[in-house]
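In this note's numbering, the protein residues as written are 12 to 515. The C-beta atom is built at its ideal place from N, Cα and C for all residues, glycine as well. Only a predicted model underlies this, so the values are computations on that prediction, with no experimental measurement involved.
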Amino acid sequence: MATNLPKPRAYWEQGPAEWSAIKDRLDAAGTDARILLRGATIVTMDPEIGDFDEGDVLIRGKRIEGVGADLSPAAADGQAIVVDIAGMIVMPGIIDGHRHCWQNQFRRVIPDADLSEYVKTLHGDFAVEYRPHDMYVGNFLTMLTLLDAGVTCITDCTHNTRTRAHADAVFKSYADSGIRAVHAGAPSSTGIWEEHLPEDLIRLRDVYCSGPDSLTTVRMLIDMRRAKPVPELFAFAREHGFGITMDAVMGQRCDEIVELGEAGLLGPDLTLIHCNDMPEAGWRLIAEAGTKITLATTSEQQLGLGSGVPVIQEALDHGIRPCLSGDVEVCLAGDMFTQMRATLTTQRMLAKARKYRGGANAPALIDHRDVLAFTTRHAAEAIGLADRIGTLSPGKYADLIAIRAEDLNNMPVNNAIGTIVLATESRNIDMVFVAGRLRKWQGRLVGQDIDALRTMVRDSRDHIASKVGFDIRPTRAIRLRHDEIQHRHQGSFDAIDDLLTRGT
Ligand SMILES: [Zn+2]
């Protein structure tokens, strides 16, 4: 069909009034609206479809209807909302495979912490003072920051669920932000709790995850406090159809994975976080079972999980393409581009060192597309959503982002994958769609009041800090002294040293 659409214009050629008119049409559009994003560089991450130096993405309602070099005939009836975005890169929304979102009133509070210090401070002190409202505030701040940074799906490993109300509060944060969330629910690691898990996962799914188009799903998280022995938790999850995420798999905890594998209890519905210093027997069992691996590269390195060496190469050597994750922001960077860059440089450093030192079987170097796949396609597999998100494929949900790729810090685009991984920051992310709904537009979150959020975050933080007896002073020595705060629940962490070393 002939069309009369002119050549797509670059994003910087259009004035505020034109963008405003498009936004008005988007706001007025019905649930079945067609939106044609034209003239961008398209990175689909779908190996069957490939990429386009210049191409279009057609959104219809919640889903992607088409991807191609020129979809302008789809707009020939004049009904589609046409958005010219030459100069931008369109890619699938980023997926974070594991983050403890509730903590973020305390971002960067202990930047120099090691694992022991982190656990004792966050779980032993701050966590026990969290009210449901504080769970909401920490979570909501995290959700908005993730959307701003191009993350459309978060695996919220919520290991401070003291009560049902604490869980309800984080579901409110998902709804209020509009992000796609995988709620991986676990008890609080310390203190009194309602002993409502794992059974409450069923209620949460019934209440919050109804319908095939729900933006929320529920998994079981197994972390430090186990309500039942792990085989019983696995059996419960499988009886009720929940995927399982196991965190804090490192050091001596790897032996538990070997035992579970030898008992035939690993499976493709299971995702293991970290896996530092996993013995070879464990890797074989993980690979045979199709169990997934999620790395938190900077966490493993900086906090020193086990030996501190991320297991990127071990996973690849066993045919496993891992997923990446942010883990905690109290002592780490928050954005997923940092995870991609750190994972890439770590694998290449280790591989190069082996070759330089004469290793006969030094591994191949991974590339920028590999780490992008670890945060899109493979991440969707790790959280059981590969049929819905992770690539720009027709029929999948329209979870996608558009990056201004001709801004000061990234112009000119000479290689789209390199520009995404090495040069993209939140400020370059112009548009974010989740299931076809606009969450960020022209570089600003849609419908969110950041001033109100700031007040809520500071009030919540100050409440908890005063309960714990911790003065927030931005210029204080940044390493907490353990005797300054109470560590009332330190006794809960007698086993923590097991996580720090394999021991013998
Ligand atoms: Zn974790």
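**Study point:** DSSP bridge partner residues for Cys168 (one or two, in chain order)
**Key:** Ala195
Check your understanding: Who are the Cβ neighbours of Leu403 in its own chain at under 8 Å, not counting the five residues just before and after it?
Key -> Ile53, Val54, Thr55, Met56, Asp57, Ile60, Val68, Ile75, Val78, Val101, Met102, Pro103 and Leu411
Exercise for review: Go to Asn150, then tell me how far its alpha helix (DSSP H) extends in each direction, as first and last residue.
Suggested key: Pro143 to Asp159
Review point. Under a criterion of Cβ closer than 6 Å to any non-hydrogen atom of ligand 1, which residues qualify, in chain order?
Key: His109, His111, Cys168, Asp258, Ile284 and Asp338
Review point. Which residue's Cα is closest to the Cα of Tyr408: Cys112, Arg352, Lys73 and Arg214?
Key: Lys73
**Study point:** Gly293 (DSSP reduced to helix, strand or coil)
**Key:** helix
Check your understanding: When we look at the beta-carbon of Ile165 and count the other beta-carbons within 10 Å, is it buried (16 or more) or exposed?
Key -> buried
Review point. Which word fits Ala21, buried or exposed, when buried means at least 16 other C-beta atoms lie within 10 angstroms of its C-beta?
Key: exposed
Practice item. With DSSP collapsed to three states, give me the class of Val120. Key: coil
Point to revise | Start and end residues, alpha helix (DSSP H) containing Phe247 | key: Val241 to His251
Review point. CA-CA distance, Gln459 and Leu296?
Key: 46 Å
Exercise for review: Please work out which residues of its chain come closer than 7 Å, Cβ to Cβ, to Ala506, disregarding the five sequence neighbours upstream and downstream, and give them in chain order.
Suggested key: The predicted position of Ala506 is uncertain, since its pLDDT is 47 and thus under 50; no value can be drawn from it.
Exercise for review: Look up Trp204 in the DSSP assignment and say whether it is helix, strand or coil.
Suggested key: coil
Review point. With a cut-off of 8 Å, do at least 3 Cβ pairs link the stretch 430-445 to the stretch 125-137?
Key: no
Exercise for review: Identify which residue in Ile483, Asn420, Ala344 and Ala416 has its Cα closest to the Cα of Ala427.
Suggested key: Ala416
Practice item. Can you give me the Cβ contacts of Leu456 inside the same chain, cut-off strictly under 7 Å, excluding the 5 residues immediately before and after it? Key: Leu155, Leu158, Asp159 and Arg450
Check your understanding: For Leu355, which residues from the same chain have a beta carbon less than 6 Å from its beta carbon, with the 5 sequence-adjacent residues on both sides left out?
Key -> Val382
Check your understanding: Could you check where the alpha helix (DSSP H) with Val382 kicks off and where it finishes?
Key -> His379 to Phe385
Point to revise | C-beta contact flag for Pro198 and Arg173 at 9 Å | key: yes
Practice item. Measure from the alpha carbon of Ala300 to the alpha carbon of each residue in Gln313, Glu325 and Ala274, then state which is nearest. Key: Ala274
Exercise for review: Report buried or exposed for Gly41, applying the criterion of at least 16 other Cβ atoms within 10 angstroms of its Cβ.
Suggested key: exposed
Check your understanding: If Gly254 sits next to Arg230, beta carbons under 8 Å apart, how far is it from one beta carbon to the other, in whole angstroms?
Key -> 4 Å
Review point. Anyone know if the C-beta pair for Thr302 and Leu335 falls short of 9 Å?
Key: no
Review point. On the three-state DSSP scale, how would you describe Asn439?
Key: helix
Check your understanding: Where do the N-terminal and C-terminal ends of the beta strand (DSSP E) with Trp452 fall, by residue?
Key -> Arg448 to Trp452
Review point. Beta strand (DSSP E) containing Arg71: first to last residue?
Key: Asp62 to Arg71
Point to revise | Of the residues Ala176, Ala192 and Asp35, the one placed nearest Ala446, counting alpha carbons only | key: Ala192
Check your understanding: Taking Cβ positions, are Ala353 and Thr309 nearer each other than 9 Å?
Key -> yes
Check your understanding: Secondary structure at His329, three-state DSSP: helix, strand or coil?
Key -> coil
Practice item. Reducing DSSP to helix, strand and coil, say where Lys18 ends up. Key: coil
Review point. What does a CB cutoff of less than 6 Å around Pro19 pick up in its chain, not counting 5 residues either side in sequence?
Key: Arg49, Gly50, Asp95 and Ala97
Exercise for review: From the DSSP output, read off the bridge partner residues of Phe444.
Suggested key: Leu411 and Leu449
Practice item. Enumerate in chain order the residues of its own chain whose CB-to-CB distance from Ser471 is below 6 Å, with the five nearest sequence positions on each side excluded. Key: Gln116, Asp145 and Val148
Exercise for review: Compute the Euclidean distance between the alpha carbons of Gly293 and Gly278, then round it to the nearest angstrom.
Suggested key: 13 Å
Point to revise | Spatial distance of Ile92 from Gly345 (CA atoms) | key: 34 Å
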